[in-house]
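Going down the list, the protein sequences come from chains E and X.
In terms of my numbering, the first sequence has 413 at position 274, counting the first letter as 1, and numbering is strictly consecutive.
In terms of my numbering, the second sequence has 315 at position 314, counting the first letter as 1, and numbering is strictly consecutive.
Here's the structure we're looking at; comments come further down.
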Amino acid sequence: MSKECLNIGTIQAFIDGELSPVEFAGVSAHTAACANCAELLSQADEENSYVFASLERDIDTLVPTQRLWTRISESIETGKREASIWTRLTGFITQNFATPAFATACGFLVVFGAAVFVFNSNEGQPHIADVPAPVSSGPNMIVTEIAAPSLESDLAGSSVPDSNGSGATPGRNVTAVSESNHSPEELHRIVKASTRNDRQPRPKAQFLNYQYLPGEESYVKTIAELEQNNTGLGVRASGQVALQRDLAVVDESIKRMREVVRRNPRNQAARNVLYSSYQDKIDILNSAAQRDELMASLR
Amino acid sequence: MKSFFPTLVFLSSAILATGDFSTAVGQDRRVPPAPVSPKTFPTAKPSSTPPKVPVAPVAVGRQPLKTTEQSINVDSAVNIKFCVSDGSIKINGWDRNEVRLFVSNGRQAEIKVLERNKKNDQPNWIWLLNADATSGSVGTLTNCLAGKAIELDVPIGSGVNFEARTSGVEIDMVKNVDVSLIEGSISIRNVPGGVKAVTYQGDVVLENSGGAITLKTTTGNILAYDVSPGNIGDILDTKTSSGSISLQRISHRQIKANTISGSVLFNGDLLAGSIYTFKTSTGAIQMQLPDTTTGTFIASLGFGSFRSALPLEVQTENVTPGGKSIVARMGAGTARVNLTTTTGRIAIQKQQ
Chain E
140 MSKECLNIGT
150 IQAFIDGELS
160 PVEFAGVSAH
170 TAACANCAEL
180 LSQADEENSY
190 VFASLERDID
200 TLVPTQRLWT
210 RISESIETGK
220 REASIWTRLT
230 GFITQNFATP
240 AFATACGFLV
250 VFGAAVFVFN
260 SNEGQPHIAD
270 VPAPVSSGPN
280 MIVTEIAAPS
290 LESDLAGSSV
300 PDSNGSGATP
310 GRNVTAVSES
320 NHSPEELHRI
330 VKASTRNDRQ
340 PRPKAQFLNY
350 QYLPGEESYV
360 KTIAELEQNN
370 TGLGVRASGQ
380 VALQRDLAVV
390 DESIKRMREV
400 VRRNPRNQAA
410 RNVLYSSYQD
420 KIDILNSAAQ
430 RDELMASLR
Chain X
2 MKSFFPTLVF
12 LSSAILATGD
22 FSTAVGQDRR
32 VPPAPVSPKT
42 FPTAKPSSTP
52 PKVPVAPVAV
62 GRQPLKTTEQ
72 SINVDSAVNI
82 KFCVSDGSIK
92 INGWDRNEVR
102 LFVSNGRQAE
112 IKVLERNKKN
122 DQPNWIWLLN
132 ADATSGSVGT
142 LTNCLAGKAI
152 ELDVPIGSGV
162 NFEARTSGVE
172 IDMVKNVDVS
182 LIEGSISIRN
192 VPGGVKAVTY
202 QGDVVLENSG
212 GAITLKTTTG
222 NILAYDVSPG
232 NIGDILDTKT
242 SSGSISLQRI
252 SHRQIKANTI
262 SGSVLFNGDL
272 LAGSIYTFKT
282 STGAIQMQLP
292 DTTTGTFIAS
302 LGFGSFRSAL
312 PLEVQTENVT
322 PGGKSIVARM
332 GAGTARVNLT
342 TTTGRIAIQK
352 QQ
């Protein structure tokens, strides 16, 4: 082994591909000429293969070479410099909460704040109309958050300025009730009703992942409209059964073809059949509507 | 006393319901007036013989049931409109400029003239309606005719336009027909000037007719044979939901046949320049054609199958999972045949 032979760190950096092109060329030339270094490189490579094969699941990082360590150190330093005030504050609080006296004091403060909040809330609610008229600001002003449509329709005839006298803020659906033409009982009823509305289960959001084909959406809309208008009044049970059976056949056809088209939107034949099935459904529903119309005219 | 009270309630209800005290006390119902015996017309086509005496009158609202016959002289190209609440309908063309209306065991009918021909002052548009509805004696009744059987003898050149609720319809030898039925079968023949026949439950049969044709039913089959267009561009449009369509010896150059769960059968020749559109969702499309057929077949199938017993030259064929399109030609290929099915089968067969 000559004094120019490579150390293990350089060999590892060579294996990891972390050397500069010049260094890489130098190491390659040396290992080609030096049998010892070539053997060392071979051994290191074998070890690498063995270690990574056995620890592949657990370790997904490379062996930290000198350069890697340098990079990590640099990143840490940069992170420290760029840390926000909030991060530093969080660190400070976390550190100080370890002190029992500080933690106890903070606990007292939290409990006291909660008690004040609960007291204020209970005091205001039952006496909405008893609140003195225009109050500029302060803890006694009652702000009721109500679903916009119901309250707006109820208060449409009355002038209800908010604390600033600018009226309700429609965007936020918040109405500041400080003065009203409604009686206290009526206001109480409105608030209760709106609370009940809030408790009702809201319709689930529907996510439309399916992208319509050109013209498909109009089919779907037409079908939806026709389905709404289809009453089926005065139709015999056998007629209803036939209608439902036909609709089921067409629905099945639409479902199957839509699945095919979803997989391959360029499938022209499938698209034709899908459109045809939509048209069939429209025809069925139209026919049912026309039958209802005829029955009504002959009644 | 306890047993008397329910009896009293029952008797009161019966009186209120019928409006006839004699029925409530157990006497015989008043016999309706004897039917007027129909006139005999030497040139009239034979129609079903009217019943002599109404034995068991059908209740239609609260009107007294009558058997009536009326006639009116009209223009040879008269247009007749009416509606029918209940009863079977037979319309027969004859070579007299006269309309005869016969209603058996039904509402009192009336013939109202809506328009006259300015040249001969004969009615060319008439309305057949319930007489009691116009007299104002009955409040909520409709204008529609009703009876056990309704028969019309009309000039051969007449146009007939009516709607009916529950009845079977037979029409023979008029100029054109427009009929809509809620329930019942329709049979039409010898109508050269165009037919529109719609029923929501029942079969439609069209024979030896012409013009623009529309035949629709929801639950029922459609059969059309020996049908030809009256003018260039007349369309034959047939549609059913859960029934089959059979088209034989059709001369129209635009034919549409659409069924959902039924089959389509076409037996005839493809005319040059014609357009045929046959669709079924789950049924079969069978075309029975002669060897000399020339046409281009454009088939779109979802999961169905396509086979031909005739030699077709396949021009393009795209087969993908859930979609198959075939364009094939036979001969010069001047006629165009569009065939669509989701899960059904398409078969082109040799005409026997």
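The beta carbon of each residue, even a glycine, is placed where N, CA and C say it ideally should be.
For residue 411(E), the residue or residues it bridges with in DSSP: Answer is none; residue 411(E) lacks a bridge partner.
Cβ pair residue 409(E), residue 396(E) closer than 7 Å: yes
Neighbour flag for residue 90(X) against chain E, beta carbons, 7 Å: no
Neighbour flag for residue 184(E) against chain X, beta carbons, 7 Å: no
Residue environment, residue 152(X), which counts as buried when at least 16 other CB atoms sit within 10 Å: Answer is buried; the Cβ neighbour count reaches 16.
7 Å Cβ cutoff met for residue 245(X) and residue 168(X): no
Euclidean distance between Cα positions of residue 28(X) and residue 108(X): At residue 28(X) the pLDDT is 33, less than 50, meaning the model places this residue with poor confidence; the figure from the coordinates comes in the next sentence. Approximately 24 Å, taken between the alpha carbons.
Assigned exposure category for residue 354(E) - 16 Cβ within 10 Å defines buried: Classification of residue 354(E): exposed, given that the 10 Å Cβ count is below 16.
Neighbouring residues, chain A, relative to residue 277(X) (Cβ below 8 Å): Protein chains in the displayed structure are E and X, and chain A is not among them.
Any C-beta of chain X under 7 Å from that of residue 147(E): no
Residue-level contact to chain E via CB, residue 350(X), 7 Å cutoff: no
CB of residue 223(X) within 7 Å of CB of residue 200(X), strictly: no
For residue 298(X): DSSP bridge partner residues: According to DSSP, residue 298(X) bridges with 329(X), 338(X).
Local Cβ density within 10 Å of residue 202(X), reported as buried at 16 or more and exposed below that: Classification of residue 202(X): buried, given that the 10 Å Cβ count is 16 or more.
Residue 388(E) beta carbon less than 7 Å from that of residue 368(X): The first residue shown for chain X is 2 and the last is 353, placing residue 368(X) beyond what the model contains.
Residue 162(E), DSSP secondary structure in three states: Residue 162(E): helix per DSSP, three-state reduction.
Beta-carbon gap between residue 99(X) and residue 118(X) smaller than 7 Å: no
Contact list for residue 166(X) against chain E, beta-carbon separation under 7 Å: 437
Contacting positions in the region 373 to 394 of chain E - beta carbon closer than 7 Å to chain X: 378, 381, 384, 385, 388, 389, 392
Inside the region 231 to 289 of chain X only - beta strand (DSSP E) runs reaching at least 3 residues: 236 to 241, 246 to 251, 255 to 260, 265 to 268, 276 to 281
Spatially closest choice to residue 361(E) from 352(E), 424(E), 212(E), by CA coordinates: Closest by alpha carbon: 424(E).
Within the region 95 to 175 of chain X, ranges of the alpha helix (DSSP H) (whole runs, at least 4 residues): 132 to 136
Beta strand (DSSP E) segment containing residue 308(X), residue limits: 306 to 309
Residues within the region 201 to 235 of chain X neighbouring chain E, beta-carbon criterion of under 7 Å: 201, 202, 219, 220
Three-way DSSP call (helix, strand, coil) for residue 353(X) in this model: coil
Residues sharing a beta bridge with residue 328(E), DSSP: DSSP lists no partner for residue 328(E).
For residue 181(X), the residue or residues it bridges with in DSSP: 164(X), 199(X)
For residue 225(X), three-class secondary structure by DSSP: strand
Where the alpha helix (DSSP H) through residue 383(E) begins and ends: 376 to 402
Beta carbon of residue 298(X) nearer than 7 Å to that of residue 348(X): no
Residue 217(X) burial status per 10 Å Cβ neighbour count (16 or more: buried): Using a 10 angstroms sphere on the CB of residue 217(X), the tally of other CB atoms reaches 16 or more, which defines it as buried.
Three-state secondary structure (DSSP) of residue 348(X): strand
Proximal residues of chain E, C-beta to C-beta of residue 149(X) below 9 Å: Correct list: empty, because the minimum Cβ distance to chain E is about 18 Å.
Cutoff 7 Å: residue 362(E) Cβ touching any chain X Cβ: no
Boundaries of the beta strand (DSSP E) in which residue 211(X) is found, first to last residue: 205 to 211
Residue 293(X) - containing alpha helix (DSSP H), residue span: Unbroken run through residue 293(X): none, as it is neither H nor E.
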